[in-house]
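Engineer: Residues 0 to 372 (numbering that gives the first Met the number 0) make up the sequence shown, in order. Yeah, the Cβ is synthetic: ideal placement off N, Cα and C, and Gly gets one too. For reference, the structure I am asking about is given below.
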Amino acid sequence: MERQHRHNLLVQENHDEEAREMFAMELSGHLTREVFPGTRCLFDGRIAPAFQRQHQRAPNRTETRRALLQQPYYQMWSSLKRTDQEILFDSVGETVDRQREDLTARGKRPPRKAGGTLRLDPAIKPPRYLTAVDIHCMPGNYTADLGGDDVSAGAIFDRGLFLYGRGGLGPQSDDMGASVCAWLKKAHPGFVPKDILDMGCSIGGNTLPFARLFPKAKIHAIDVGTGILRYGHARAEELGVAIHFSQQDAEHTSFAAESVDLIVSHLLGHETSLAGYKNIMRECFRLLRPGGMMVHTETEWSTESDPFNQSVLDWETHYNGEPFKTKLDTLDNIGVAVDAGFSKERVFMESAPSLRAGTKYYQGRWAIFGATK
Ligand SMILES: C[S@@+](CC[C@H](N)C(=O)[O-])C[C@H]1O[C@@H](n2cnc3c(N)ncnc32)[C@H](O)[C@@H]1O
Numbered sequence: 000m001e002r003q004h005r006h007n008l009l010v011q012e013n014h015d016e017e018a019r020e021m022f023a024m025e026l027s028g029h030l031t032r033e034v035f036p037g038t039r040c041l042f043d044g045r046i047a048p049a050f051q052r053q054h055q056r057a058p059n060r061t062e063t064r065r066a067l068l069q070q071p072y073y074q075m076w077s078s079l080k081r082t083d084q085e086i087l088f089d090s091v092g093e094t095v096d097r098q099r100e101d102l103t104a105r106g107k108r109p110p111r112k113a114g115g116t117l118r119l120d121p122a123i124k125p126p127r128y129l130t131a132v133d134i135h136c137m138p139g140n141y142t143a144d145l146g147g148d149d150v151s152a153g154a155i156f157d158r159g160l161f162l163y164g165r166g167g168l169g170p171q172s173d174d175m176g177a178s179v180c181a182w183l184k185k186a187h188p189g190f191v192p193k194d195i196l197d198m199g200c201s202i203g204g205n206t207l208p209f210a211r212l213f214p215k216a217k218i219h220a221i222d223v224g225t226g227i228l229r230y231g232h233a234r235a236e237e238l239g240v241a242i243h244f245s246q247q248d249a250e251h252t253s254f255a256a257e258s259v260d261l262i263v264s265h266l267l268g269h270e271t272s273l274a275g276y277k278n279i280m281r282e283c284f285r286l287l288r289p290g291g292m293m294v295h296t297e298t299e300w301s302t303e304s305d306p307f308n309q310s311v312l313d314w315e316t317h318y319n320g321e322p323f324k325t326k327l328d329t330l331d332n333i334g335v336a337v338d339a340g341f342s343k344e345r346v347f348m349e350s351a352p353s354l355r356a357g358t359k360y361y362q363g364r365w366a367i368f369g370a371t372k
């Protein structure tokens with residue numbers, strides 16, 4: 000596995016902390032590679048045939064999940080996976096906590112300036128869907144702010160995401176953005192946006208590829224979390240990429256109507272709510288100039304017709320603090336876009352190959368939902 004790109008703000012583990020992180024990450028890999036396939040065998044070999052015999056039909060998504068939950072082997076996998084997820088994020092959280100003051104000081108003085116900006120707004124309150132649970136067991140969530148220019152939420156996300164993805168997102172955890180950029184170049188070669196907005200940017204890992212692909216564009220990146228934005232700003236400056244970060248709710252931003260050519264998001268939708276998601280789509284329609292495009296990217300689960308894959312995604316909803324995931328997976332996205340104002344024929348749902356498909360992270364593809372105005 001490639002090592003994470005080291006920059007000035009990345010948390011620095013001591014020997015024991017690193018050993019614990021590596022243990023959690025390797026256990027996650029072991030569970031995925033060696034233990035999890037057994038749950039598929041259980042489903043294909045026992046659960047589905049037994050259900051078919053009893054009901055003369057295949058089980059649906061809920062029936063599949065409930066049947067799997069009765070199986071001791073599945074219970075073992077599920078319990079270990081949840082526990083490992085907690086160990087992984089708690090390990091990073093404790094390491095970040097130990098270095099909090101130092102990280103805060105470093106966040107205020109990036110070693111290099113790129114010309115980006117940071118605008119925080121204390122009036123922005125995080126929506127309840129971001130505070131009600133610790134999403135994917137991340138302690139304190141995206142919006143924690145311990146005061147005094149704290150950057151710890153960003154530090155936890157940066158290191159935690161890299162380990163969670165077992166390095167499969169690349170040294171700068173930017174594979175989604177980079178893969179969407181490659182897709183965009185191929186699918187829309189003449190499209191050259193002047194103003195780009197990344198919604199739910201967190202530390203801006205996936206924002207950077209857009210700035211690199213469109214060096215003349217003005218890049219805006221918004222999130223509701225203060226700590227992650229401070230961290231993202233300092234990180235982008237050090238990496239030499241000018242991004243304009245601001246604290247805003249993607250449901251209702253302060254940008255002028257028809258002021259953006261390209262709106263992107265990565266892993267935003269599944270962490271919202273139905274009402275929030277619909278508002279975000281309406282906001283995209285309001286913000287886009289005629290001819291502009293929105294591109295929202297999520298992980299590819301291949302849930303269209305496979306109840307086992309659906310149950311895998313639903314595990315995230317029930318046991319990994321991702322409450323909106325199943326709803327988003329079953330949502331009529333085209334209908335939501337049309338209700339937001341987009342024409343049906345201009346809505347698209349595609350999947351883009353990951354530039355790091357060799358790692359087989361999330362089936363080697365990213366699911367894209369978008370529209371042009
Ligand atoms: C899974 S993270 C993805 C971060 C980043 N896009 C990436 O790919 O690394 C989702 C982010 O969306 C943000 N978010 C969720 N709802 C939001 C909203 N209504 N407005 C702004 N940001 C939001 C969260 O704070 C979080 O940072």
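May I ask which residues mark the beginning and end of the beta strand (DSSP E) holding S350?
Structural biologist: Counting from one through the sequence shown, the residue named residue 350 turns up at place 351. 346 to 352 is the extent of the beta strand (DSSP E) around S350.
Engineer: Nearest CA to the CA of K112: which residue from I242, F35, T316?
Structural biologist: The residue labelled residue 112 in the question sits at position 113 within the sequence shown. When each option's Cα is compared against that of K112, the closest is I242.
Engineer: Sorted by chain position, which residues of the same chain lie with C-beta nearer than 6 Å to M24's C-beta, five sequence neighbours on each side aside?
Structural biologist: Mapped onto the sequence shown, residue 24 falls at position 25. The answer, listed in chain order, is L162, R165.
Engineer: So for H269, helix, strand or coil by DSSP?
Structural biologist: Along the sequence shown, one-based indexing puts residue 269 at 270. Looking at H269 - three-state DSSP - the assignment turns out to be helix.
Engineer: Measuring CA to CA, which of M198, R229, D174 is closest to V259?
Structural biologist: Position 260 of the sequence shown holds residue 259. Of M198, R229, D174, the residue nearest in Cα terms is M198.
Engineer: Does the distance from the CB of A216 to the CB of A351 come in under 9 Å?
Structural biologist: In the sequence shown, counting from the first residue as 1, residue 216 sits at position 217. In the sequence shown, counting from the first residue as 1, residue 351 sits at position 352. No, they are not a contact pair.
Engineer: Using 8 Å for Cβ pairs, my map puts V294 next to I367. What's the rounded Cβ distance?
Structural biologist: Stepping through the sequence shown from its first residue, residue 294 is reached at position 295. Stepping through the sequence shown from its first residue, residue 367 is reached at position 368. About 6 Å; that satisfies the 8 Å criterion.
Engineer: How about L168 and R355: do their beta carbons lie closer than 9 Å?
Structural biologist: Taking the sequence shown and counting its residues from 1, one reaches residue 168 at position 169. Taking the sequence shown and counting its residues from 1, one reaches residue 355 at position 356. Taking 9 Å as the Cβ cut-off, L168 and R355 qualify as a contacting pair.
Engineer: With a 10 Å radius around its C-beta and 16 neighbouring C-beta atoms as the bar for buried, classify D313 as buried or exposed.
Structural biologist: The residue given as residue 313 occupies position 314 in the sequence shown. D313 is buried by the Cβ-count criterion.
Engineer: What would DSSP say about V223, mapped onto helix, strand or coil?
Structural biologist: What you label residue 223 is simply residue 224 of the sequence shown in a count that begins at 1. The answer is coil: DSSP assigns V223 none of H, G, I, E or B.
Engineer: Q70: which of V240, C40, N13, D194 sits nearest, CA to CA?
Structural biologist: For the purposes of this step, residue 70 is identified with residue 71 of the sequence shown, where counting begins at 1. Looking at the Cα atoms, C40 is the closest of the given residues.
Engineer: Find the nearest neighbour of P214 within the set K193, E250, W76, judged by alpha-carbon distance.
Structural biologist: The sequence position of residue 214 within the sequence shown is 215, counting from 1. Out of K193, E250, W76, K193 has the C-alpha closest to the C-alpha of P214.
Engineer: So, with DSSP's three-state summary, where would you put I86?
Structural biologist: Indexing the sequence shown from 1 puts residue 86 at position 87. Helix.
Engineer: Please indicate yes or no: does the CB of F156 lie closer than 8 Å to some heavy atom of ligand 1?
Structural biologist: Within the sequence shown, numbered from 1, the residue matching residue 156 stands at position 157. Indeed, a heavy atom of ligand 1 lies less than 8 Å from the Cβ.
Engineer: If I measure Cβ to Cβ from I333 and keep anything under 7 Å in the same chain, skipping five residues before and after, which residues do I get?
Structural biologist: Counting from 1 along the sequence shown, the entry for residue 333 is found at position 334. These residues qualify, in order along the chain: K343, V346.
Engineer: Please report how far the alpha carbon of Q98 lies from the alpha carbon of E17, in whole angstroms.
Structural biologist: Within the sequence shown, the letter at position 99 stands for residue 98. Within the sequence shown, the letter at position 18 stands for residue 17. Each residue's alpha carbon lies about 14 Å from the other.
Engineer: Verify whether the separation of the beta carbon atoms of S10 and A154 is less than 9 Å.
Structural biologist: The residue labelled residue 10 in the question sits at position 11 within the sequence shown. The residue labelled residue 154 in the question sits at position 155 within the sequence shown. Contrary to the premise, residue 10 reads as Val rather than Ser in this sequence. In this structure, A154 lies closer than 9 Å to V10 by Cβ.
Engineer: Shortest alpha-carbon distance to M388 belongs to which of I195, A186, P208?
Structural biologist: This structure does not reach residue 388, given that the chain is present from 0 up to 372, and the question cannot be answered.
Engineer: Given a threshold of 16 other Cβ atoms within 10 Å of its Cβ, counted over all protein chains shown, does Q53 qualify as buried or as exposed?
Structural biologist: Looking up residue 53 in the sequence shown gives position 54. The residue is exposed, with fewer than 16 neighbouring Cβ atoms inside 10 Å.
Engineer: Which first and last residues belong to the beta strand (DSSP E) in which R364 is found?
Structural biologist: On the sequence shown, residue 364 is found 365 positions in, with the first residue counted as 1. Looking at the DSSP string, the run of the beta strand (DSSP E) that includes R364 is 364 to 371.
Engineer: Can you determine whether any heavy atom of ligand 1 sits closer than 8 Å to the C-beta of D197, and answer yes or no?
Structural biologist: Taking the first residue of the sequence shown as position 1, residue 197 is located at position 198. Yes.
Engineer: Would you report the Cα separation of P188 and G291, rounded to the nearest angstrom?
Structural biologist: Along the sequence shown, read from residue 1 onward, the residue named residue 188 stands at position 189. Along the sequence shown, read from residue 1 onward, the residue named residue 291 stands at position 292. So the alpha carbons of these two residues sit roughly 14 Å apart.
Engineer: Give the straight-line distance between the Cα atoms of T373 and E100, rounded to the nearest whole angstrom.
Structural biologist: Residue 373 cannot be examined here, being either before or after the span of the chain that is shown, 0 to 372.
Engineer: Assuming V179 is part of the alpha helix (DSSP H), what are its boundary residues?
Structural biologist: As a working mapping, residue 179 is identified with position 180 in the sequence shown. Start and end: 174 to 186.
Engineer: Can you name, in chain order, every residue of its own chain whose Cβ lies under 6 Å from the Cβ of G92, other than the five neighbours on each side?
Structural biologist: Numbered from its first residue, the sequence shown carries residue 92 at position 93. Same-chain partners within the cutoff: P138, I155.
Engineer: By alpha-carbon positions, which one of K324, D338, T296, N319 ends up nearest to E349?
Structural biologist: In the sequence shown, the residue the question calls residue 349 occupies position 350. Comparing Cα-Cα distances from E349 to each of K324, D338, T296, N319, the minimum goes to T296.
Engineer: Residues in its own chain within less than 8 Å of L212 by CB, not counting five upstream and five downstream?
Structural biologist: By one-based count along the sequence shown, residue 212 stands at place 213. Excluding residues within five positions, the ones whose Cβ falls inside 8 Å are C180, L183, K184.
Engineer: Measure the alpha-carbon distance for F244 versus S201 and round it to whole angstroms.
Structural biologist: As a working note, residue 244 is residue 245 in the sequence shown. As a working note, residue 201 is residue 202 in the sequence shown. Their Cα atoms are separated by approximately 10 Å.
Engineer: Once DSSP output is grouped into helix, strand and coil, what is the label at G291?
Structural biologist: Here residue 291 refers to the residue found at position 292 when the sequence shown is read from its first residue. Reduced to three states, the DSSP call for G291 is strand.
Engineer: Which residues mark the beginning and the end of the alpha helix (DSSP H) in which T116 is found?
Structural biologist: Translated into positions along the sequence shown, residue 116 becomes position 117. Counting along the chain, T116 falls outside any alpha helix (DSSP H), though it belongs to the beta strand (DSSP E) covering 116 to 118.
Engineer: CA-CA distance, R56 and R45?
Structural biologist: In the sequence shown, counting from the first residue as 1, residue 56 sits at position 57. In the sequence shown, counting from the first residue as 1, residue 45 sits at position 46. If you take the alpha carbons of R56 and R45, they lie about 14 Å apart.
Engineer: Around the C-beta of P126, are 16 or more other C-beta atoms found within 10 angstroms, so that it is buried, or is it exposed?
Structural biologist: Taking the first residue of the sequence shown as position 1, residue 126 is located at position 127. P126 comes out buried.
Engineer: My assumption, with CB atoms under 8 Å, is that P170 sits in contact with R2. Please give the rounded CB distance.
Structural biologist: In the sequence shown, counting from the first residue as 1, residue 170 sits at position 171. In the sequence shown, counting from the first residue as 1, residue 2 sits at position 3. Contact holds; Cβ gap of about 7 Å.
Engineer: Going by the C-beta, is I227 closer than 8 Å to any heavy atom of ligand 1?
Structural biologist: The residue given as residue 227 occupies position 228 in the sequence shown. Within the cutoff, so yes.
Engineer: Can the beta-carbon of S172 be found closer than 9 Å to that of S353?
Structural biologist: Locating residue 172 in the sequence shown gives position 173, where the first residue counts as 1. Locating residue 353 in the sequence shown gives position 354, where the first residue counts as 1. The answer is no: Cβ separation not under 9 Å.
Engineer: What are the boundary residues of the beta strand (DSSP E) that M198 is part of?
Structural biologist: Counting from 1 along the sequence shown, the entry for residue 198 is found at position 199. Looking at the DSSP string, the run of the beta strand (DSSP E) that includes M198 is 194 to 198.
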